[in-house]
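Structure, as structure tokens:
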Amino acid sequence: MPTTTNRVCCVIGLLWFAGGSRAVEWHSPDAPCRFRIQRGEGETYASPVGVFRLWTTDIAADAARIPIFSESGTPVPSQVLWTAEGEPAQVLFDSSGAEKAYYAYPGAPSGGQPVVGADTNSPPWQPEAGLILETRRHDGVPVESWDQCLKAWSRAGPVYGRSLAPRIFDGLHRHGPTENIFSCYKGWFEVPKPDAYVFATISTDASFLAVDGRLVAQWPGTHPLHKGRFGQFRGTIDLKAGRHFLEYYNAYGSAKANQPLVCVTAWQPGTNALMNIMPVEAFVPVAHYWVAGMDGAPVGVQTNSLSGATNAPTAHLPLKPCFEWNVLQHSIISRDRPDEGLVTMEFRARKTHGNTSFQWIFDDSSTGQGQKITNVFPRCGLRTVRLNLVANGRVVAALDQKARARPNWLQREDFLPDIFEKQKANLLTRDLALLPLDDLISLTRLATNYRDHELLARVAPLALARSGDFKPQELDLLLGLGLEMGTHPHRSYELSERLLSAIVAWKPAAANLDASDSKRLAETREKARLLLAALFIQCKDQPRDGLRMLEQIAAAQLGKDEQRWKTIFEGDAHLALGDVETAKKIYLTITDPPKREDTKAMIRRMARLDMARYFLDQKEYDEAERLLQEIEWEAPMERMSPDNGLLRVKLHRARQEAARALALCRRLLNVPSSDTAESLLLFQLAELCNEQNQREESEAAVKKLLTKHPYSEAAALAKEKWGDRVIPKK
23 MPTTTNRVCC VIGLLWFAGG SRAVEWHSPD APCRFRIQRG EGETYASPVG VFRLWTTDIA
83 ADAARIPIFS ESGTPVPSQV LWTAEGEPAQ VLFDSSGAEK AYYAYPGAPS GGQPVVGADT
143 NSPPWQPEAG LILETRRHDG VPVESWDQCL KAWSRAGPVY GRSLAPRIFD GLHRHGPTEN
203 IFSCYKGWFE VPKPDAYVFA TISTDASFLA VDGRLVAQWP GTHPLHKGRF GQFRGTIDLK
263 AGRHFLEYYN AYGSAKANQP LVCVTAWQPG TNALMNIMPV EAFVPVAHYW VAGMDGAPVG
323 VQTNSLSGAT NAPTAHLPLK PCFEWNVLQH SIISRDRPDE GLVTMEFRAR KTHGNTSFQW
383 IFDDSSTGQG QKITNVFPRC GLRTVRLNLV ANGRVVAALD QKARARPNWL QREDFLPDIF
443 EKQKANLLTR DLALLPLDDL ISLTRLATNY RDHELLARVA PLALARSGDF KPQELDLLLG
503 LGLEMGTHPH RSYELSERLL SAIVAWKPAA ANLDASDSKR LAETREKARL LLAALFIQCK
563 DQPRDGLRML EQIAAAQLGK DEQRWKTIFE GDAHLALGDV ETAKKIYLTI TDPPKREDTK
623 AMIRRMARLD MARYFLDQKE YDEAERLLQE IEWEAPMERM SPDNGLLRVK LHRARQEAAR
683 ALALCRRLLN VPSSDTAESL LLFQLAELCN EQNQREESEA AVKKLLTKHP YSEAAALAKE
743 KWGDRVIPKK
């Protein structure tokens, strides 16, 4: 009668082993686990080569192969096509036996060495089916001949990735950003009868095509696509019926020239055929397999028909949970900066027997439940995912796994509004205060780059709270947030001031910064002071504070445009203080002297003003702002102009920037102007003060309006709006 311990072990083994009811020998004693591999649904072709993917950390990046056995215990040759940290391994194996299932033993120390029953004298197995694409980094040196191509390929690197391609017809880099890329396609194709076959290469930059080791077609050098798009670069080769080996190389280095990546092979399969793209069906297919189950190493060594070793018991240890993942979508700033952006990934836990559930914990602080779940990561990179297996309300097993969040390289656009809105909606349901700092920084960069006001409003106070942990090269984010919070539509002037002040007061954690960081910090601080000065003068109506801030700026740390803005803000501050002559002198220092052709400039100015009025009427406020800024940038004296000023007041009010509109009215009323302009400014001042419950100043403005300009249109509007309350007593 079996003991209680043995019964428990047997039950555990049955629960965790998903390979069927029949026990199968354990063929690799050192392996911690094994996977049952079955042919995918719909696979009918008896291919000599099979492929499957494994999501496990037990495969070393330099593994040559994974021990694989048939159900009967026969060792099967294999080759690890690609493995990298945080990515699923792609494994090719000899499936010519056409068995229903195979067993893979990842993590065995013998992964790159012979295993029990293997033929140690046979050469490494090479798959004779499918089309394998490998890409490497290209040094950009033009390739002018077949010999140069082979030498350039041998020195190219690092390797971006390897995968099975359906055919040679690519316009995107499947393994990474489309920059300088050296691509190599190697695969097997079949021809039904002996004949003369024509092959052509169509590509951007150098390409070479060889069949059975013989160069057939080439298009060397650096070149765009169009001169060979009809297959002009071709060659002919006589082929026997049967299977042949094809190699195709492309050395692409024209990304900066805005020439798209193109790798295409065309052929004319026989004398009477037409030239066309070489189809998927021409290549010897690979059978696709999937992981149907898994179990842990046996407790002790069981009987192995190959080694002759016998021992008991044969029960299996319980496994940790296991899961798979795929990258679905991304929203990134650019492929040149693929580490910054949002990535949506799907995770799927393997089914287990019994009453168990799945609990997910991601390193970006999000959590979830269920066998399948999606998660939006705020930053690309190697992420840690924990899967807990829960039974009867408690965690009975757990797995921490590294998964690489990266762009989906086959997604053509880096930023698609529909995808981004879904990702953002997911993020906004979370407590973003729990994000790791790197995730918060990445999310802030994306929100700033695309000026997403909803996200900016959420991340700005969080970035301020953690600003002391920022690095010098990250302070530009606080600068961008300070600028955004002080403008439409946020109008969060206090938050803007605190963000900018945090930059000025920021101190490095380390005692010494390198020269680059010190320079960046100094420049960012002076820009922050400049923006603070603008905030004091234009938004908070504190011109003296603004002038003091401007005096603290080390102008040498500012760029040419920023130095010009500094001068403009100095003029604004003096104008707000009523020192009109000083303001005028300051503006004139950066205004070009009048020229005879200034008539044209005046016409351009009037045209821009008319266009600004039009955009304002159409509620296209950003365009109106741009045109007014162009006028004042070219001629800062226009900042004293009532035409520009009144239009700006109207713009600020339309954008609900009451504080800016009020400060501007007060500045412009210090400038002598026409009766019409002054009356309109007084009316605007009265309205703004009244709206902000500054009744005393509002009544003073109305009194001045009715006293100085009693017959103006503005006075009539004031009487109509406020009635007898505003009419001064005689």
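The numbering used here applies: residue 23 is where the sequence shown begins, and numbers increase by one. Don't be surprised by glycine CBs; every beta carbon is placed ideally from N, CA and C. Since the model is a prediction, treat every value here as computed from it, not as a measurement.
Beta bridge counterpart(s) of I90 as assigned by DSSP: V98 and A126
Relative to the alpha-carbon of N448, which residue among R416, E435 and G390 has its alpha-carbon at the smallest distance? Each of R416, E435 and G390 was checked against the Cα of N448, and the nearest Cα belongs to G390.
Nearest residue (CA-CA) to G376, options V412, R405, T396 and F369: V412
What distance in whole Å lies between the Cβ atoms of V165 and P753, which are believed to be in contact at a cut-off of 8 Å? A question about residue 753 goes unanswered here, because the residues of the chain that appear run from 23 up to 752.
At a Cβ threshold of 7 Å, is V98 touching chain E? Although the question refers to chain E, the structure presented lacks it and comprises just one protein chain.
Decide yes or no for the touch test of the region 432 to 447 against the region 406 to 424: beta carbon pairs closer than 8 Å, at least 3 of them. no
With H, G and I counted as helix, E and B as strand and the rest as coil, what does DSSP make of T470? helix
Just the C-alpha distance for I59 and P429, rounded to the nearest angstrom, thanks. 29 Å
Could you say which of L477, E435, W147 and F267 lies nearest to A755 if we only look at CA atoms? Absent from the structure is residue 755, since the part of the chain shown begins at 23 and ends at 752.
Considering only their Cβ atoms, is the gap separating V602 from V671 smaller than 7 Å? no
C402, DSSP secondary structure in three states: Looking at C402 - three-state DSSP - the assignment turns out to be coil, as it is neither helix nor strand.
Using the Cα positions of A741 and V724, report the straight-line distance between them to the nearest angstrom. Here residue 741 turns out to be Lys, not Ala, going by the sequence shown. Rounded to whole angstroms, K741 to V724 spans 9 Å at the Cα level.
Reduced DSSP secondary structure (H/G/I, E/B, other) of C285: strand
Let me check you understand the geometry: is the CB of R677 closer than 6 Å to at least one non-hydrogen atom of the ligand ATP? This structure simply doesn't include the ligand ATP, nor any ligand for that matter.
Counting only runs that start and end within the region 154 to 226, where is the alpha helix (DSSP H) found for 4 or more residues in a row? Scanning the region 154 to 226 for uninterrupted alpha helix (DSSP H) segments of 4 residues or longer gives 168 to 177, listed from N- to C-terminal end.
Test item: CB-CB of A123 and P70 under 7 Å: Going by C-beta atoms, A123 is not nearer than 7 Å to P70.
So, helix, strand or coil for T378, using DSSP? In the structure shown, T378 sits in a strand (DSSP, three-state: E or B).
So, at 7 Å on beta carbons, what are the nonlocal neighbours of W431 in its own chain, with the 5 sequence-adjacent residues on each side left out? L194, H195, R196, H197 and G198
Give me the residue from L501, A736, F492 and M633 with the minimum Cα distance to A531. F492
Out of curiosity, what's the CA-to-CA distance linking N712 and D594? 24 Å
Using a Cβ-Cβ cutoff of less than 6 Å, which residues in the same chain neighbour Q281 once the five nearest sequence positions on both sides are dropped? T226 and P246
Pair every Cβ in the region 699 to 710 with every Cβ in the region 724 to 739, then say whether three or more of these pairs are closer than 8 Å. yes
Could you tell me which residues DSSP pairs with T396 in its beta bridges? E368
Among G235, S379 and H512, which has the Cα closest to the Cα of R677? H512
Quick check: what's the CA-CA separation for G235 versus G403? The alpha-carbon atoms of G235 and G403 are separated by roughly 40 Å.
Under a Cβ-count criterion, where at least 16 other Cβ atoms within 10 Å of its own Cβ denotes burial, should N715 be classed as buried or exposed? exposed
For P216 and R87, I'd like the C-alpha separation in whole angstroms. 36 Å
If you drop the 5 nearest sequence neighbours on each side, which residues of the same chain put their C-beta closer than 7 Å to that of E109? These residues qualify, in order along the chain: R426.
Closest Cα partner of R627 within the set L649, D614 and K641: R627 has its Cα closest to that of L649, out of L649, D614 and K641.
Which class does H512 belong to by DSSP, given the choice of helix, strand or coil? Collapsing the DSSP output to three states places H512 in coil.
Sorted by chain position, which residues of the same chain lie with C-beta nearer than 6 Å to D385's C-beta, five sequence neighbours on each side aside? R405 and T406
What ranges does the alpha helix (DSSP H) occupy inside the region 405 to 472, keeping only unbroken runs of at least 4 residues that lie completely in it? 439 to 450 and 459 to 471
Residues near A239 by beta carbon distance below 7 Å, same chain, minus five either side: So the list reads F221, A222, T223, L231, F255, R256 and G257, once near-sequence residues are dropped.
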